[in-house]
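Number of protein chains: 2
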Amino acid sequence: MHDPKAIAEAYLDVWNEADASRRSSKLERGWSPHAQYVDPMMQALDRDHINAMIETARGHFPGHAFALDGKPDGHSNFVRFSWILAAPSGPPVLRGTDVVRLARDGLIEDVIGFVDETHDG
Amino acid sequence: MHDPKAIAEAYLDVWNEADASRRSSKLERGWSPHAQYVDPMMQALDRDHINAMIETARGHFPGHAFALDGKPDGHSNFVRFSWILAAPSGPPVLRGTDVVRLARDGLIEDVIGFVDETHDG
Numbered sequence: 027m028h029d030p031k032a033i034a035e036a037y038l039d040v041w042n043e044a045d046a047s048r049r050s051s052k053l054e055r056g057w058s059p060h061a062q063y064v065d066p067m068m069q070a071l072d073r074d075h076i077n078a079m080i081e082t083a084r085g086h087f088p089g090h091a092f093a094l095d096g097k098p099d100g101h102s103n104f105v106r107f108s109w110i111l112a113a114p115s116g117p118p119v120l121r122g123t124d125v126v127r128l129a130r131d132g133l134i135e136d137v138i139g140f141v142d143e144t145h146d147g
Numbered sequence: 027m028h029d030p031k032a033i034a035e036a037y038l039d040v041w042n043e044a045d046a047s048r049r050s051s052k053l054e055r056g057w058s059p060h061a062q063y064v065d066p067m068m069q070a071l072d073r074d075h076i077n078a079m080i081e082t083a084r085g086h087f088p089g090h091a092f093a094l095d096g097k098p099d100g101h102s103n104f105v106r107f108s109w110i111l112a113a114p115s116g117p118p119v120l121r122g123t124d125v126v127r128l129a130r131d132g133l134i135e136d137v138i139g140f141v142d143e144t145h146d147g
């Protein structure tokens, strides 16, 4: 059994990494080469495209950061957690829940992302 | 794009079907032959085993029924919805959220189930 909290924190740390090269290293440590990501706005089919996708997504929310919301849970090779996206000391602009599937080696293989709440403008 | 509410309602209708043979017909209409199911308590690897698994699960909660909780959502080939399990006019004994992946033909291919709340005893 994997540690859902550790997986969720490492996952959000990748999203919060501003430097594309450091983010690439973090993806290499924690994600399968052919990892897949899909949410209502975006999808990407391998680690390099996921890195580029995160770069683009971060560009829409300059200075914002993702934080864990509530307690991650999981079973078998799945982890689920909710998150908040906000500017420093700002209110959440986005809340979501992600479901992560881990490969046998413990690397992230699949992410299915859902949006729980948007606070636009 | 599939109709998340229709998928969720058909899904819960399968769980609420007391008759194994009628449940098998409903599974054949809505689920892939090699559909997979996994939650924190159970897993099953094809439609027949899923039918048997539901029979066993229903045996733990005689007279109870599943009802949709909130609004199902979805994107690409995924649907997410929350549910409540309760006896007639009783309080919920279990709440959960399921993530369903549909095959290209619209049949359910994968279910990842999560428990949100238990109310034991």
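Residue numbers (this note's numbering), protein chains in the order written: chain Z, 27 to 147; chain D, 27 to 147. No residue lacks a Cβ here, since even glycine has one placed at the ideal position from N, Cα and C.
On the three-state DSSP scale, how would you describe residue i?
i               : result
A61 of chain D  : strand
H86 of chain Z  : helix
E43 of chain Z  : coil
H75 of chain D  : helix
S51 of chain D  : helix
G139 of chain Z : strand
G132 of chain Z : coil
G56 of chain D  : helix
A112 of chain D : strand
P117 of chain D : coil
P30 of chain D  : helix
Chain Z beta carbons: is any one of them nearer than 8 Å to that of residue i?
i               : result
I138 of chain D : yes
D65 of chain D  : yes
S47 of chain D  : no
H149 of chain D : Lying outside 27 to 147, the shown extent of chain D, residue 149 of chain D is not represented and no answer is given.
G132 of chain D : no
Mind listing the chain D neighbours of residue i? Cutoff is C-beta to C-beta under 7 Å, in chain order.
i               : result
V125 of chain Z : V125 and I138
To the nearest whole angstrom, what separates the beta carbons of residue i and residue j, a pair I think is in contact under 8 Å?
i               : j               : result
F107 of chain D : D124 of chain D : 6 Å
Y63 of chain D  : V137 of chain D : 5 Å
A78 of chain Z  : G56 of chain Z  : Actually they are not in contact, since the Cβ atoms of A78 of chain Z and G56 of chain Z sit about 17 Å apart, beyond 8 Å.
G100 of chain Z : G122 of chain Z : That belief does not hold up - the Cβ atoms of G100 of chain Z and G122 of chain Z are roughly 17 Å apart, past 8 Å.
A61 of chain D  : I134 of chain D : 6 Å
A129 of chain D : S58 of chain D  : 5 Å
L111 of chain D : F87 of chain D  : 6 Å
What does residue i touch in chain D if you count any residue whose Cβ is under 8 Å from its own?
i              : result
Q62 of chain Z : The premise fails here: Q62 of chain Z is roughly 11 Å from chain D at the closest Cβ pair, so nothing lies under 8 Å.
Name the chain Z residues whose beta carbon is nearer than 7 Å to that of residue i?
i              : result
D95 of chain D : Near D95 of chain D there are no residues of chain Z at all, since even the closest Cβ is about 14 Å away, more than 7 Å.
R84 of chain D : Chain Z residues near R84 of chain D: none, gap ~21 Å exceeds 7 Å.
Examine chain D for any beta-carbon lying closer than 8 Å to the beta-carbon of residue i, and answer yes or no.
i               : result
G104 of chain Z : For the record, residue 104 of chain Z in the displayed sequence is Phe; it is not Gly. Yes, F104 of chain Z lies at the interface with chain D (some Cβ there is under 8 Å from its Cβ).
H75 of chain Z  : no
G147 of chain Z : Interpretation of G147 of chain Z is limited by its pLDDT of 45, a score under 50 that renders its predicted location unreliable; no figure is taken from the coordinates.
Considering only heavy atoms of the ligand FAD, does any lie closer than 7 Å to the CB of residue i?
i               : result
E143 of chain Z : As for the ligand FAD, it is missing from this structure, which has no ligand bound.
Given 8 Å as the limit, is there contact between the segment 92-108 of chain D and the segment 67-83 of chain D, that is, 3 or more CB pairs closer than that? A contact is defined here as three or more CB-CB pairs under 8 Å, and the segment 92-108 of chain D fails this definition with respect to the segment 67-83 of chain D.
For the segment 115-123 of chain D and the segment 43-50 of chain D, state whether three or more C-beta atom pairs, one from each stretch, are separated by less than 8 Å. Output reads no: the segment 43-50 of chain D does not touch the segment 115-123 of chain D.
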